[in-house]
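Here's the structure, in structure tokens; my notes come after.
Number of protein chains: 2
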Amino acid sequence: MEDVARAADVSRALVSLVMRDSPKVSPEKREAVIRAAEQLGYRRNRLASSLASHRTHTVGVLLSDLHNPVFAAVYDGLDDRLLDTPQRLLVATGRTDPDREAEAIWTFLDLRVDAVVLVGASVPDALIAKVGERVPTVVTTRRVDDAPVDSVLTDDVAGARAAVDHLHDLGHRDIAHVASPSHLGHHDRLDGYATRMRELGLDPFVVEGDLTRAGGARAAHAMLDRDRVPTAVFAHNDVTAIGVVDALTASGLDVPGDLSIVGYDNSDLAQLGQVSLTSVDMRSEELGRTAADLVLERVGSPPLDGPRLHQLHPVLFERTSTRPVTPRDR
Amino acid sequence: MEDVARAADVSRALVSLVMRDSPKVSPEKREAVIRAAEQLGYRRNRLASSLASHRTHTVGVLLSDLHNPVFAAVYDGLDDRLLDTPQRLLVATGRTDPDREAEAIWTFLDLRVDAVVLVGASVPDALIAKVGERVPTVVTTRRVDDAPVDSVLTDDVAGARAAVDHLHDLGHRDIAHVASPSHLGHHDRLDGYATRMRELGLDPFVVEGDLTRAGGARAAHAMLDRDRVPTAVFAHNDVTAIGVVDALTASGLDVPGDLSIVGYDNSDLAQLGQVSLTSVDMRSEELGRTAADLVLERVGSPPLDGPRLHQLHPVLFERTSTRPVTPRDR
DNA sequence: CTGAAAGCGCTTACAG
DNA sequence: CTGAAAGCGCTTACAG
Numbered sequence: 047m048e049d050v051a052r053a054a055d056v057s058r059a060l061v062s063l064v065m066r067d068s069p070k071v072s073p074e075k076r077e078a079v080i081r082a083a084e085q086l087g088y089r090r091n092r093l094a095s096s097l098a099s100h101r102t103h104t105v106g107v108l109l110s111d112l113h114n115p116v117f118a119a120v121y122d123g124l125d126d127r128l129l130d131t132p133q134r135l136l137v138a139t140g141r142t143d144p145d146r147e148a149e150a151i152w153t154f155l156d157l158r159v160d161a162v163v164l165v166g167a168s169v170p171d172a173l174i175a176k177v178g179e180r181v182p183t184v185v186t187t188r189r190v191d192d193a194p195v196d197s198v199l200t201d202d203v204a205g206a207r208a209a210v211d212h213l214h215d216l217g218h219r220d221i222a223h224v225a226s227p228s229h230l231g232h233h234d235r236l237d238g239y240a241t242r243m244r245e246l247g248l249d250p251f252v253v254e255g256d257l258t259r260a261g262g263a264r265a266a267h268a269m270l271d272r273d274r275v276p277t278a279v280f281a282h283n284d285v286t287a288i289g290v291v292d293a294l295t296a297s298g299l300d301v302p303g304d305l306s307i308v309g310y311d312n313s314d315l316a317q318l319g320q321v322s323l324t325s326v327d328m329r330s331e332e333l334g335r336t337a338a339d340l341v342l343e344r345v346g347s348p349p350l351d352g353p354r355l356h357q358l359h360p361v362l363f364e365r366t367s368t369r370p371v372t373p374r375d376r
Numbered sequence: 047m048e049d050v051a052r053a054a055d056v057s058r059a060l061v062s063l064v065m066r067d068s069p070k071v072s073p074e075k076r077e078a079v080i081r082a083a084e085q086l087g088y089r090r091n092r093l094a095s096s097l098a099s100h101r102t103h104t105v106g107v108l109l110s111d112l113h114n115p116v117f118a119a120v121y122d123g124l125d126d127r128l129l130d131t132p133q134r135l136l137v138a139t140g141r142t143d144p145d146r147e148a149e150a151i152w153t154f155l156d157l158r159v160d161a162v163v164l165v166g167a168s169v170p171d172a173l174i175a176k177v178g179e180r181v182p183t184v185v186t187t188r189r190v191d192d193a194p195v196d197s198v199l200t201d202d203v204a205g206a207r208a209a210v211d212h213l214h215d216l217g218h219r220d221i222a223h224v225a226s227p228s229h230l231g232h233h234d235r236l237d238g239y240a241t242r243m244r245e246l247g248l249d250p251f252v253v254e255g256d257l258t259r260a261g262g263a264r265a266a267h268a269m270l271d272r273d274r275v276p277t278a279v280f281a282h283n284d285v286t287a288i289g290v291v292d293a294l295t296a297s298g299l300d301v302p303g304d305l306s307i308v309g310y311d312n313s314d315l316a317q318l319g320q321v322s323l324t325s326v327d328m329r330s331e332e333l334g335r336t337a338a339d340l341v342l343e344r345v346g347s348p349p350l351d352g353p354r355l356h357q358l359h360p361v362l363f364e365r366t367s368t369r370p371v372t373p374r375d376r
């Protein structure tokens, strides 16, 4: 900075002001400083600047899984909204392992990010609460109550109901659900499914999966191994749904000929022509935009009101993986 | 730190040593310090620590596109290798926009990361050279010559030849290539295709695409609009190939009945049961692991030898999107 | 292991 | 706009 000041023939204080984009610098001096900096290849050390100012202008985004495009969509929403602000996004992932996610979150805290956004995180509520006490935190695709963090998610109960209703309207009565009960933040999909099934006078049939394609395939095999093979399957996310379809097809069954499948997320994958999966859109980008708005409200403001909860309304997108039930000849 | 020292009844210097995992601290004192830190909720400020030590123990990874799973695979390779080192990964993306990628890279530099890894970046060579002068840099899936940066990539000429040979072996003679000539780092695939076609006495037929599904669809339409419709298409990446298949299928053609398709990358997408795309595996994870090794060699060492280049050998994976040519009745 | 000092590269606040 | 001072929270190097 000293060097730049000397080259531009101004004071070090002025260089600092220019670097911080202060409005109280004359255009001429600003120009001179910028030119000198460029010539010397000078770039402000953000480490030092952040240490002194207590602001990093950085928000840390934890993406649950880089292989699942639905999280990329949430990222896009965040990015759209933060583009015209001074905040920069830094992302990390724990590759769906809770311990490594926790580690990534602590790295964000150690780096003193201005805010943290959790996208599909699988860490326990207690940890999220602790994080919320240290830095503005918003969790997406999941809700955390009784903690100083904002939640923004889709109304999954409504989404699951929409999926069941869609299949019911097509005449399906034997509707299985692939859920991941052990996975945090996915209870609502299961609840919505079970509740709606009972309301319709149908028996819920839940098979365990996880958040991967392999889990979907395993769930499909578990279904086939029983004597009761459903005519339709509602999977708790698209990746799982695709795993179900793969396994079913490999077993000689036709989708949607023999079974109809509904996914959840409406990610890029569901939209692939060859996949064409009917799916509940969880409004991923909007989730990201809303999260960004919450971040902007919190960052740099004194702790305002208590934790907030935003729920978006899901929308079912019908594609070719579902069709009216055909009577089984057996 | 002072507080922790007081609570543990040791000196501030000792706390610093413990935080840096120094071996010259007795187990008892170490325990006491760790306990005190935990109790006070103390975490070392990495901003301050990095500023003083000139090391951030952080490598910045620029991923070209979070929606393309092939980059996630490279990330996985990096992560595998860096897991047991003190280095932490921070990722950023420019969403395939060169200007935004450049911005993300500068953010890494401003943060003083120990190294930068570029995965599929679309910024110009000149910028990469400038980055390499400031920090150890390795670029993957692309090579940069005449610059102080390491390159690790697949032998794309060989990969393209393998794709052409595969189709040729199946009897195809009319083989189109969807390329993205404007896109940096993809010349070799085009060159390999064109060279091999000529060697086989065939006419190269190149259609322009980009790196997206939409680009593939546009390329497919461009092919259909001509009077010469090929019997096979080799697309320069999987996403493009899928776009081609989608558009072809929507136009009433069958893949592989009417046209065979080969992709490049062998990403998650190619492996989906419903997509089942024959694809050239670019060994993405191995790319990541190799990049990590190069980073580790450079970080903290005095500038050793000159820039290095690692080339991996691609492998074609045959799936159901290709089959022997069937004579056209026209 | 302690203690005291200097320094990392900035920002902040203020007098002029 | 300048100049000088204090401080951000650490690390480094050293004497004891």
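Protein chains in written order, with the numbering used here: chain Z, 47 to 376; chain W, 47 to 376.
For every residue, glycine included, the Cβ atom is placed at its ideal position computed from N, Cα and C.
Where residue i falls: helix, strand or coil (DSSP)
| i | result |
| --- | --- |
| valine 56/W | coil |
| arginine 376/W | Residue confidence is low: arginine 376/W scores 42 on pLDDT, short of 50, so the model does not pin down where it sits. Its coordinate-derived value is still stated next. Here arginine 376/W sits in coil by DSSP. |
| tyrosine 239/Z | helix |
| histidine 113/Z | coil |
| leucine 199/Z | strand |
| histidine 233/Z | helix |
| histidine 212/W | helix |
| alanine 225/W | strand |
| threonine 139/W | strand |
| glutamine 357/W | strand |
| leucine 350/W | coil |
| leucine 128/W | helix |
| leucine 342/W | helix |
| aspartate 292/W | helix |
| arginine 188/Z | coil |
| proline 144/W | helix |
| leucine 381/W | Outside the shown range of chain W, which is 47 to 376, sits residue 381/W, and nothing can be said about it. |
| arginine 369/Z | coil |
| alanine 287/Z | helix |
| alanine 175/Z | helix |
According to DSSP, residues forming a beta bridge with residue i
| i | result |
| --- | --- |
| arginine 134/W | Thr104/W |
| glycine 298/Z | The partner list for glycine 298/Z (beta bridge, DSSP) is empty, contrary to what the question assumes. |
| valine 162/Z | Gly106/Z and Thr183/Z |
| histidine 218/Z | Note: histidine 218/Z sits in no beta bridge, so no partner. |
| glycine 309/Z | Ser325/Z |
| phenylalanine 280/Z | His223/Z and Val308/Z |
| phenylalanine 363/Z | Ser325/Z |
Under 8 Å by beta carbon: chain Z residues contacting residue i
| i | result |
| --- | --- |
| asparagine 91/W | Leu97, Asp156 and Arg158 |
| arginine 141/W | Asp122 and Asp125 |
| alanine 296/W | Gly319 |
CA nearest to the CA of residue i, picked from the options
| i | options | result |
| --- | --- | --- |
| aspartate 300/W | Leu358/W, His356/W and Arg369/W | Arg369/W |
| leucine 268/Z | Thr153/Z, Arg101/Z, Thr241/Z and Phe251/Z | It is worth fixing the name first, because residue 268/Z is alanine in this sequence and not leucine. Residue Phe251/Z is the option with its Cα nearest to alanine 268/Z. |
| threonine 366/W | Ser347/W, Ser330/W and Gln317/W | Gln317/W |
| threonine 200/W | Thr372/W, Glu149/W, Pro373/W and Leu362/W | Leu362/W |
| proline 170/W | His229/W, Gly205/W and Ala161/W | His229/W |
| histidine 356/Z | Gly346/Z, Thr372/Z and Asp339/Z | Asp339/Z |
| threonine 186/W | Gly178/W, Val198/W and Asp256/W | Val198/W |
| isoleucine 80/W | Leu97/W, Ser96/W and Val61/W | Val61/W |
Contacts that residue i makes with chain Z (C-beta to C-beta distance below 7 Å)
| i | result |
| --- | --- |
| tyrosine 121/W | Leu112 |
Interface partners of residue i on chain W, CB under 9 Å
| i | result |
| --- | --- |
| alanine 138/Z | Arg134, Leu135, Leu136 and Val137 |
| alanine 94/Z | Leu93 and Leu97 |
| alanine 167/Z | None at all; the shortest Cβ gap to chain W is about 16 Å. |
Chain W contact residues for residue i, given Cβ-Cβ distances below 8 Å
| i | result |
| --- | --- |
| proline 115/Z | Leu112, His113 and Pro115 |
| valine 291/Z | Gly319 and Gln320 |
9 Å Cβ cut-off: residues of chain Z touching residue i
| i | result |
| --- | --- |
| valine 321/W | Leu318, Gln320 and Val321 |
| isoleucine 288/W | Leu318, Gly319 and Gln320 |
Interface partners of residue i on chain W, CB under 7 Å
| i | result |
| --- | --- |
| threonine 153/Z | Arg134 |
| aspartate 39/Z | Only positions 47 to 376 of chain Z appear in the structure, and residue 39/Z is not among them; the question remains open. |
| alanine 118/Z | Leu112 and His113 |
*Entirely within the segment 242-275 of chain Z and at least 4 residues each: give me those alpha helix (DSSP H) ranges in chain order.*
259-271
*Could you pull out every unbroken alpha helix (DSSP H) segment of at least 4 residues lying fully inside the segment 47-100 of chain Z, listed in chain order?*
48-54, 58-65, 73-86 and 92-99
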